[in-house]
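Chemist: This is the structure I want to talk about, given as structure tokens.
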Amino acid sequence: MANDNVTAVREKVRRYLLEVLSRVEVDREGNFTFRQGSARIFISVWPFGDDKVTVKVLAPVVFDAPASPELYKYVATEGFYKFGHMSCNEKEGKVTIFFVHTLLGDFLDPEELKMAVFLMARTADEIDDELVGKFGGKKFHED
35 MANDNVTAVR EKVRRYLLEV LSRVEVDREG NFTFRQGSAR IFISVWPFGD DKVTVKVLAP
95 VVFDAPASPE LYKYVATEGF YKFGHMSCNE KEGKVTIFFV HTLLGDFLDP EELKMAVFLM
155 ARTADEIDDE LVGKFGGKKF HED
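If you're matching positions, the sequence shown starts at 35 in the numbering used here and goes up one per residue.
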């Protein structure tokens with residue numbers, strides 16, 4: 035049953051995204067993705083529990099930032115927004131900072147998804163510059 039729900043929500047998400055974006059790509063993992071300035075936004079649909087579905091809007095905003103207590107403190111204390119929050123992952127002393135927001139897909143309506151994606155994309159494109167300036171690293175799109 036969960037797979038049927040995921041398939042139905044995924045199709046709903048695709049339709050809603052195409053109403054506001056001229057083009058939506060699909061990556062190797064099946065996530066919807068598009069570019070917003072220097073940021074790249076990924077929208078994925080996942081099962082949650084036995085029969086629920088979530089829709090995750092994620093933007094990796096900084097890659098290869100040097101790990102530091104200041105960076106972790108900033109993410110922990112300043113990384114919450116009305117739509118979305120920051121999280122990070124460290125590997126071999128380098129940090130990737132993500133900006134993410136999750137919605138319940140079972141009752142998703144077009145305006146809810148469109149607004150969440152719009153606000154996440156706009157914010158990700160703004161905060162990547164700020165974060166790279168403060169902590170180093172690279173944005174998703176440097177051109």
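For each residue, glycine too, the CB sits at the ideal point set by N, CA and C.
(1) Which whole runs of the beta strand (DSSP E) in the stretch 81–124 are 3 residues long or more, in chain order?
(2) By how many angstroms is the C-alpha of H119 removed from the C-alpha of G127?
(3) Alpha carbon to alpha carbon, how far is F117 from V54? Give it in angstroms, no decimals.
(4) Helix or strand or just coil, what does DSSP make of K128?
(5) First and last residue of the beta strand (DSSP E) that includes F66?
(6) Quick check on this structure: which residue in I131, P100 and G171 has the alpha carbon closest to the alpha carbon of F114?
(7) Kindly indicate which residue of K125, N123, Q70 and P103 has the alpha-carbon position closest to the one of E176.
(8) So, are the CB atoms of M154 and F133 less than 8 Å apart?
(9) Based on Cα-Cα distance, which residue from A101, K107 and L138 lies nearest to N123?
(10) With distance defined between alpha-carbon atoms, name the residue in L138, V89, T111 and P94 nearest to G171.
(11) Have a look at the DSSP bridge pairing and note the partners of H135.
(12) Whole-angstrom Cβ separation of V60 and L51, contact assumed at under 8 Å?
Modeler: In brief:
(1) 86–100
(2) Residue numbering aside, residue 127 sits at position 93 when the sequence shown is read from its first letter. Residue numbering aside, residue 119 sits at position 85 when the sequence shown is read from its first letter. C-alpha separation (whole angstroms): 22 Å.
(3) Along the sequence shown, read from residue 1 onward, the residue named residue 54 stands at position 20. Along the sequence shown, read from residue 1 onward, the residue named residue 117 stands at position 83. If I take the Cα positions, the gap works out to 18 Å.
(4) In the sequence shown, counting from the first residue as 1, residue 128 sits at position 94. Three-state DSSP puts K128 in a strand.
(5) Your numbering for residue 66 matches position 32 in the sequence shown. First-last of the beta strand (DSSP E) with F66: F66 to Q70.
(6) The residue given as residue 114 occupies position 80 in the sequence shown. Measuring from the Cα of F114, the nearest candidate turns out to be I131.
(7) To locate residue 176, count along the sequence shown from 1; it is residue 142. For E176, the nearest C-alpha among the options comes from Q70.
(8) For the purposes of this step, residue 154 is identified with residue 120 of the sequence shown, where counting begins at 1. For the purposes of this step, residue 133 is identified with residue 99 of the sequence shown, where counting begins at 1. Yes.
(9) Start at 1 with the first residue of the sequence shown, and residue 123 comes out as number 89. Closest option to N123, Cα to Cα, is A101.
(10) On the sequence shown, position 137 is the one that residue 171 refers to. Comparing Cα positions, the closest option is P94.
(11) If you number the sequence shown from 1, residue 135 lands on position 101. The partner list for H135 (beta bridge, DSSP) reads V91.
(12) As a working note, residue 60 is residue 26 in the sequence shown. As a working note, residue 51 is residue 17 in the sequence shown. With a Cβ gap of about 11 Å, V60 and L51 do not count as contacting.
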